[in-house]
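Numbers given in our numbering equal positions in the sequence shown, counted from 1, plus 70. Everything on this sheet refers to the single structure shown next.
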Amino acid sequence: MSDAPRLFCLDTVLIDVVLKVSALPQRAGDALASEKLVTTGGGFNAMSAAARHHMSVVYAGRLGEGPFSALAATTLEQEHIESPVTRNHDLDTGICIVLLEPDGERSFVTSPGAEATLRSSDLDALGVTSPDYVLVSGYNVMYPELGATVLSWIARLPSATTIVFDPATRMVDIPKSNLDAMIMRANWLLCNVSEASTLTGRADAAEAATALATRSDRLDVLVRSGAKGCAVALNHQSAVVVPGFATQVVDTNGAGDVHNGVFVAEIASGHEPLDAARWANAAAAMAISRLGPATGPRRDEVEEWIKRSTE
């Protein structure tokens, strides 16, 4: 058995129904989609990005039974992502309607399914060990029952297990006690500049990252800032800005997840955080030039793209 670190991802897998529209419809209005895509999304975005960077990945969520679950299971298998949790035979996997505007901005409508029925026994059976990484989304701790299950499980994990927390889009809906508990236990906080600003009151990514890195004696922070790149602040240190890469924006859906997955895979393989952040910036820039959420590139593609970008 290999002792290489694995990534256990709690961020739930959903089926994304992506509709490309010229503008969002008005209330009681209608809109014609110029393109459509039905694909596995949600937590799959980060997992596939990490897997394409040679990290062993385990989906720590729950699939169901039905056409959406079948699509999700097939997609996970194709990326060699394990999904050991027992399925819910009464529910299908949930879906997310994604309305994609011309500038790449996206809006969501989510209908939960089997992924929302994760049990404490499912998590305990995963066998997470000290070298492993666990990626937790704000969605995992936003709902009262699931949040209590996840936080209790995390508290039982080995202290050396690396916990990575992304508070995600609906961070303001996370109960404060749950949010504080995650930040106190996390080894890495990965968030975008809007979320970091909400947490600190500072609009600048580097200033916010620096402030967040003082929240506990183990917390390192990465704040994503779109085309500007990201800011990385190691525990109790000032942030360093890692510049982004120019690209053509087609679809920003899943860009942050791709960044997260690549960054975790790179630091887990021994790369320094600033180098991992630069690599993740390049991967995210490549991803948003393609339609669809799970468009994270393979590691050899990123290597070649960085070479061309610096010539």
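Ideal Cβ positions, reconstructed from N, Cα and C, are used throughout, including at glycine. On a predicted model such as this, the values are computed, not experimentally measured, just so you know.
request  = Count the CB pairs spanning the stretch 306–317 and the stretch 282–291 that are closer than 8 Å, and state whether there are at least three.
outcome  = A contact exists between the stretch 306–317 and the stretch 282–291.
key: Under the three-state DSSP convention, the category M71 falls into   = Confidence at M71 is low in this model, with a pLDDT of 46, below 50, so its placement is unreliable and the value that follows should be read with caution. M71 falls in the coil class under three-state DSSP.
message = Please state the DSSP three-state secondary structure of Y203.
response = Strand.
task = Evaluate contact between the stretch 186–196 and the stretch 90–106, counting only Cβ atoms and requiring at least three cross-stretch pairs below 8 Å.
result = Segments in contact, no.
query = On the three-state DSSP scale, how would you describe T82?
reply = Note: T82 maps to coil in three-state DSSP.
inquiry  = Let's see if you can read the secondary structure: which residues bound the alpha helix (DSSP H) around N257?
reply    = Neither: N257 is in no alpha helix (DSSP H) and is coded neither H nor E.
query = Can you give, in chain order, each stretch of the beta strand (DSSP E) that sits fully within the stretch 148–206 and has at least 3 residues?
reply = Taking only runs of at least 3 residues, the beta strand (DSSP E) segments lying wholly in the stretch 148–206 are 165–170, 176–181.
query = With a Cβ-Cβ cutoff of 8 Å, do P237 and G217 count as a contact?
reply = Not closer than 8 Å, so no.
message = DSSP three-state label for G111, please.
response = Look at G111 here: in three-state DSSP terms it is strand.
ask   = Hey, R348 and V312 are a contact pair by Cβ (cut 8 Å); roughly how many whole angstroms apart?
value = Indeed, because the Cβ distance is near 5 Å, the residues count as touching under 8 Å.
ask   = At which residues does the alpha helix (DSSP H) containing L216 begin and terminate?
value = That run of the alpha helix (DSSP H) goes 214–226.
key: Residue of I337, E265, V320 minimising C-alpha distance to G174   = Relative to the Cα of G174, the nearest Cα in the group I337, E265, V320 belongs to V320.
query = Counting only runs that start and end within the stretch 308–348, where is the beta strand (DSSP E) found for 3 or more residues in a row?
reply = For the stretch 308–348, whole beta strand (DSSP E) runs of length 3 or above, ordered along the chain, are 310–312.
request  = Could you round the C-beta distance between A120 and G331 to whole angstroms and report it? I think they count as a contact, below 8 Å.
outcome  = The C-beta separation of A120 from G331 comes to about 4 Å, placing the pair in contact by the 8 Å criterion.
Beta-carbon separation (whole angstroms), A251 vs L221, contact threshold 8 Å = Confirmed, about 6 Å.
message = Assess contact between the stretch 293–303 and the stretch 240–247, defined as three or more Cβ pairs (one per stretch) separated by less than 8 Å. Is contact present?
response = Counting Cβ pairs under 8 Å, fewer than three are found: no touch.
key: Nonlocal neighbours in the same chain, by C-beta distance under 8 Å from D370, ignoring five residues either side   = So the list is empty, once near-sequence residues are dropped.
ask   = For E232, which three-state DSSP category applies?
value = Looking at the sequence provided, one finds Thr at residue 232 rather than Glu. It is a strand residue.
ask   = Applying the criterion that 16 or more other CB atoms from any shown protein chain within 10 Å of the CB defines a buried residue, is T82 buried or exposed?
value = By the neighbour-count rule (16 or more Cβ atoms within 10 Å), T82 is buried.
ask   = Taking the Cβ atom as the reference point for each residue, do V334 and G366 lie within a distance shorter than 8 Å?
value = Result no, Cβ atoms of V334 and G366 do not sit closer than 8 Å.
query = Under 8 Å, do G113 and I85 count as touching if we go by C-beta distance?
reply = In this structure, I85 does not lie closer than 8 Å to G113 by Cβ.
query = Would a C-beta distance cut-off of 8 Å place D162 and P75 closer than the cut-off?
reply = The answer is no: Cβ separation not under 8 Å.
request  = Let me know the secondary structure DSSP gives E135 once reduced to three states.
outcome  = Three-state result, E135: coil.
request  = Name the residue from L249, V204, R255, S200 whose alpha carbon lies nearest to the alpha carbon of A225.
outcome  = Out of L249, V204, R255, S200, R255 has the C-alpha closest to the C-alpha of A225.
ask   = Nearest CA to the CA of Y213: which residue from L227, T232, M241?
value = Ranked by Cα distance from Y213, the options L227, T232, M241 are led by M241.
key: From A278, T156, A353, residue whose alpha carbon lies closest to that of S428   = Past the boundaries of the shown model lies residue 428; the chain is included only from 71 to 381, so the question cannot be answered.
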